[in-house]
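Structure first, then comments.
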Amino acid sequence: MSDIEYIFNLGFLLIGALALLFFSVSKRARAGGRLRSMEAFQKLRRAIGLSVEEGKRLHVSLGNNSILGPNNASALVGLSTLERVAQISLIGDRPPVATSGDGSLAILSQDALQAAYRSNNALEQYDPDRGRQAGVTPFSYLAGIIPILPTEQVSTNLLVGYYGPEIALFCEAAERQGAFTLAASESLAAQAALYATAHEPLIGEELFAIPAYLQAGPVHQASLRSQDVLRWLVVFLLVAGAILKLAESVLGAPLL
Amino acid sequence: MKMRSPVVAAVTIAVGLIVLLGYFLPSLLVQNLRALLINWGVSLAGVAALIGILNLLAVHWRKANDKGNRNFYSLLLLLAFSVTFAAGMWLTPADPGFQHVITSIQIPVETSLMALLAITLGYAGLRLLQRRKGIMGILFVIGAIVFILFSSGFLPVLQQLPLVGGVASLVNRLPVAGARGILLGVAIGSMMTGLRIFLGADRPYNG
Numbered sequence: 000m001s002d003i004e005y006i007f008n009l010g011f012l013l014i015g016a017l018a019l020l021f022f023s024v025s026k027r028a029r030a031g032g033r034l035r036s037m038e039a040f041q042k043l044r045r046a047i048g049l050s051v052e053e054g055k056r057l058h059v060s061l062g063n064n065s066i067l068g069p070n071n072a073s074a075l076v077g078l079s080t081l082e083r084v085a086q087i088s089l090i091g092d093r094p095p096v097a098t099s100g101d102g103s104l105a106i107l108s109q110d111a112l113q114a115a116y117r118s119n120n121a122l123e124q125y126d127p128d129r130g131r132q133a134g135v136t137p138f139s140y141l142a143g144i145i146p147i148l149p150t151e152q153v154s155t156n157l158l159v160g161y162y163g164p165e166i167a168l169f170c171e172a173a174e175r176q177g178a179f180t181l182a183a184s185e186s187l188a189a190q191a192a193l194y195a196t197a198h199e200p201l202i203g204e205e206l207f208a209i210p211a212y213l214q215a216g217p218v219h220q221a222s223l224r225s226q227d228v229l230r231w232l233v234v235f236l237l238v239a240g241a242i243l244k245l246a247e248s249v250l251g252a253p254l255l
Numbered sequence: 000m001k002m003r004s005p006v007v008a009a010v011t012i013a014v015g016l017i018v019l020l021g022y023f024l025p026s027l028l029v030q031n032l033r034a035l036l037i038n039w040g041v042s043l044a045g046v047a048a049l050i051g052i053l054n055l056l057a058v059h060w061r062k063a064n065d066k067g068n069r070n071f072y073s074l075l076l077l078l079a080f081s082v083t084f085a086a087g088m089w090l091t092p093a094d095p096g097f098q099h100v101i102t103s104i105q106i107p108v109e110t111s112l113m114a115l116l117a118i119t120l121g122y123a124g125l126r127l128l129q130r131r132k133g134i135m136g137i138l139f140v141i142g143a144i145v146f147i148l149f150s151s152g153f154l155p156v157l158q159q160l161p162l163v164g165g166v167a168s169l170v171n172r173l174p175v176a177g178a179r180g181i182l183l184g185v186a187i188g189s190m191m192t193g194l195r196i197f198l199g200a201d202r203p204y205n206g
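Protein chains in written order, with numbering that gives the first Met the number 0: chain Z, 0 to 255; chain V, 0 to 206.
Shown next, in the form of structure tokens:
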């Protein structure tokens with residue numbers, strides 16, 4: 000990597016960190032501007048409420064990727080989501096179940112569930128089996144999570160993690176079971192498959208908005224606003240780069 | 000409500016800082032420290048994988064022994080695991096005969112699932128216009144059909160035609176542009192997720 004790329008990466012990281020700190024501490028920024036209304040999250044809240052009322056279970060899937068891999072951000076978002084969703088739905092007869100395709104994610108999901116039980120002062124009800132590894136390869140993971148739908152009476156699925164297009168088979172199984180599915184993944188292949196099969200698919204960076212929309216804490220909202228700042232910065236840089244490139248080809252000489 | 004331990008957060012931040020500094024600073028000390036921490040992480044992930052498999056077996060053991068609702072498939076899983084584990088220990092995973100038997104079971108099963116996936120996605124594509132009645136649903140279906148046709152092999156023929164060639168190349172580049180746009184958003188989101196954890200503002204771990 001060249002020096003300019005290092006400087007660019009560092010600068011981008013610093014701007015992100017400063018924006019996060021600013022939006023986290025600034026009362027004005029926190030109070031100003033509500034999140035735009037998204038139908039997917041309204042339906043998710045309704046589905047969680049119905050699950051609790053009907054005594055059905057909520058299933059949170061954290062994907063089949065390792066936490067050490069480069070595509071682990073969605074799993075980290077999934078863990079924050081799991082804790083928040085567990086806090087909301089612990090009052091139901093059937094506590095939520097979390098599945099993953101990686102050992103370290105399974106341990107972290109148990110940890111997140113335990114934290115949710117602790118914050119609700121119901122630690123004695125915590126069952127470590129509710130956070131489990133369902134398989135070790137993408138297809139074995141799929142084979143492990145499909146039977147959970149009928150056997151554990153799941154009525155709402157929240158898929159937040161890294162998948163391949165094979166996740167479409169799970170969405171179809173959920174559809175046949177009459178279970179609601181909200182799904183988000185950072186994998187492009189999975190996003191395309193989920194768009195065709197999930198009830199509510201989230202595309203691109205919408206994945207990172209889940210904890211903020213579930214009111215997991217002000218820092219998640221601050222993070223969303225920081226993402227917007229960075230996105231505008233990228234848009235500006237891309238447009239400026241395109242104009243410079245065009246100008247160079249018109250003038251026939253390098254400008255920078 | 001119990002407060003989360005600040006020590007765990009401090010350790011996380013310190014480790015994150017060292018790994019991040021190792022990315023930007025050429026100092027040998029920081030580089031060595033970064034490599035050491037990453038190696039520890041990899042070793043811990045190996046142990047976690049073992050714990051994950053034990054967790055998988057424990058869950059299926061309980062399902063297989065549930066007298067009220069005994070699960071036959073869990074019993075089958077435990078049996079298959081025991082046989083594979085014993086054979087792997089006896090013959091070693093590098094044994095060609097052992098590998099042949101395992102792949103002869105695994106590949107046909109996964110291929111069948113892939114075939115099922117192709118049919119499922121085709122059917123979902125047909126149903127999509129029913130489910131998503133907006134402009135996005137229509138665009139998605141048109142896009143899928145157009146790019147299936149483009150990738151089916153007649154694009155090079157089109158590209159040789161005088162006026163159509165340019166348009167075909169432009170259309171063929173559209174998915175790349177769209178994918179880059181989505182990936183840029185995902186990259187920014189991933190960076191902010193990392194920063195939240197790095198700054199201790201978000202803790203997807205207990206402690």
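All C-beta atoms, glycine included, are put in the ideal place defined by N, C-alpha and C.
Start and end residues, beta strand (DSSP E) containing residue i
i, result
"His-59 (chain V)", "Element bounds for His-59 (chain V): not the beta strand (DSSP E) but the alpha helix (DSSP H), 27-63."
Integer-rounded CB distance, given that residue j should sit under 8 Å from residue i
i, j, result
"Glu-174 (chain Z)", "Leu-116 (chain V)", "Not confirmed; about 15 Å, so no contact."
"Thr-110 (chain V)", "Glu-171 (chain Z)", "Going by Cβ atoms, the distance from Thr-110 (chain V) to Glu-171 (chain Z) rounds to 18 Å, so no, they are not a contact pair."
"Leu-78 (chain Z)", "Ala-111 (chain Z)", "5 Å"
"Gly-188 (chain V)", "Leu-67 (chain Z)", "That pair is no contact at about 19 Å."
"Ile-47 (chain Z)", "Leu-57 (chain Z)", "6 Å"
"Ile-14 (chain Z)", "Leu-243 (chain Z)", "Not quite, the Cβ-Cβ distance comes to about 21 Å (not below 8 Å), so this is no contact."
"Gln-12 (chain V)", "Phe-197 (chain V)", "Note that residue 12 (chain V) is Ile in the sequence shown here, rather than Gln. Rounded, the Cβ-Cβ distance is 7 Å, consistent with contact."
"Arg-208 (chain V)", "Ala-63 (chain V)", "The first residue shown for chain V is 0 and the last is 206, placing residue 208 (chain V) beyond what the model contains."
In DSSP terms, what residue i is bridged to
i, result
"Asn-8 (chain Z)", "DSSP lists no partner for Asn-8 (chain Z)."
"Ala-186 (chain V)", "None, per the DSSP bridge assignment."
"Ala-183 (chain Z)", "Z:Val-159 and Z:Leu-201"
"Thr-98 (chain Z)", "Z:Ser-60 and Z:Arg-131"
"Val-51 (chain Z)", "Paired residue(s): none; Val-51 (chain Z) is not in a bridge."
"Val-153 (chain Z)", "Z:Arg-56"
Residue nearest to residue i in terms of C-alpha spacing, selected from the options
i, options, result
"Thr-196 (chain Z)", "Z:Leu-57, Z:Leu-181, Z:Ile-209 and Z:Pro-210", "Z:Leu-181"
"Gly-54 (chain Z)", "Z:Asn-119, Z:Asp-92 and Z:Asn-71", "Z:Asp-92"
"Ala-208 (chain Z)", "Z:Thr-80, Z:Ile-6, Z:Leu-237 and Z:Ser-65", "Z:Thr-80"
"Ala-133 (chain Z)", "Z:Thr-155, Z:Glu-204, Z:Ala-105 and Z:Ile-3", "Z:Ala-105"
"Asp-128 (chain Z)", "V:Val-7, V:Pro-25 and V:Asn-54", "V:Asn-54"
"Ala-85 (chain Z)", "Z:Val-51, Z:Asn-70 and Z:Val-234", "Z:Val-51"
"Asn-171 (chain V)", "V:Ile-181, V:Leu-157, V:Pro-161 and V:Leu-183", "V:Leu-157"
"Gly-10 (chain Z)", "V:Val-18, V:Thr-83 and V:Phe-23", "V:Phe-23"
"Val-46 (chain V)", "Z:Leu-201, Z:Ile-47, Z:Ser-65 and Z:Leu-49", "Z:Ser-65"
"Ser-168 (chain V)", "V:Gly-180, V:Asn-68, V:Ala-178 and V:Phe-149", "V:Phe-149"
"Phe-257 (chain Z)", "Z:Tyr-125, Z:Leu-49, Z:Ala-221 and Z:Gly-163", "The structure shown does not extend to residue 257 (chain Z), since chain Z is modelled only from 0 to 255, so the question has no answer here."
"Leu-77 (chain V)", "V:Asn-68, V:Gln-159, V:Trp-60 and V:Asp-65", "V:Trp-60"
"Asn-156 (chain Z)", "Z:Gly-62, Z:Val-238, Z:Ala-16 and Z:Gly-240", "Z:Gly-62"
"Leu-32 (chain V)", "V:Gly-184, V:Ile-17 and V:Met-113", "V:Ile-17"
"Val-218 (chain Z)", "Z:Ile-6, Z:Ser-25 and Z:Val-159", "Z:Ser-25"
"Leu-49 (chain V)", "V:Phe-84, V:Leu-36, V:Ile-37 and V:Pro-25", "V:Phe-84"
"Ala-183 (chain Z)", "Z:Ala-115, Z:Glu-4 and Z:Leu-206", "Z:Leu-206"
"Leu-237 (chain Z)", "V:Gly-193, V:Leu-183 and V:Gly-199", "V:Leu-183"
"Leu-141 (chain Z)", "Z:Leu-12, Z:Tyr-161, Z:Ala-115 and Z:Arg-117", "Z:Tyr-161"
"Gly-21 (chain V)", "V:Ser-103, V:Asn-68 and V:Leu-35", "V:Leu-35"
"Ala-178 (chain Z)", "Z:Glu-151, Z:Ala-241 and Z:Ala-192", "Z:Glu-151"
"Leu-122 (chain Z)", "Z:Arg-131, Z:Thr-136 and Z:Pro-94", "Z:Pro-94"
"Leu-193 (chain Z)", "V:Thr-102, V:Phe-153, V:Gly-124 and V:Leu-28", "V:Gly-124"
"Leu-158 (chain Z)", "Z:Ala-252, Z:Tyr-5 and Z:Ala-74", "Z:Ala-74"
"Leu-173 (chain V)", "V:Phe-139, V:Trp-89 and V:Ser-26", "V:Phe-139"
"Leu-168 (chain Z)", "V:Met-113, V:Ile-144 and V:Thr-192", "V:Met-113"
Where the alpha helix (DSSP H) through residue i begins and ends
i, result
"Arg-33 (chain Z)", "Segment: none, Arg-33 (chain Z) is in no alpha helix (DSSP H) and carries neither H nor E."
"Phe-84 (chain V)", "71-90"
"Glu-247 (chain Z)", "217-250"
"Leu-19 (chain V)", "5-23"
"Gly-124 (chain V)", "95-130"
"Ile-166 (chain Z)", "166-176"
"Phe-139 (chain V)", "134-148"
"Leu-81 (chain Z)", "72-88"
"Tyr-212 (chain Z)", "209-212"
"Arg-144 (chain Z)", "Reading off the sequence shown, one finds Ile at residue 144 (chain Z), where the question assumed Arg. Run containing Ile-144 (chain Z): 137-144, per the alpha helix (DSSP H) assignment."
Residue i: CB within 7 Å of a non-hydrogen atom of the ligand FAD
i, result
"Ser-154 (chain Z)", "The ligand FAD is absent from the structure shown, which contains no ligands of any kind."
contact_flag[the stretch 94-110 of chain Z, the stretch 172-188 of chain Z] where n(CB pairs < 8 Å) is 3 or more: no
Inter-stretch contact (C-beta, 8 Å, three-pair minimum) for the stretch 35-45 of chain Z and the stretch 141-149 of chain Z: no
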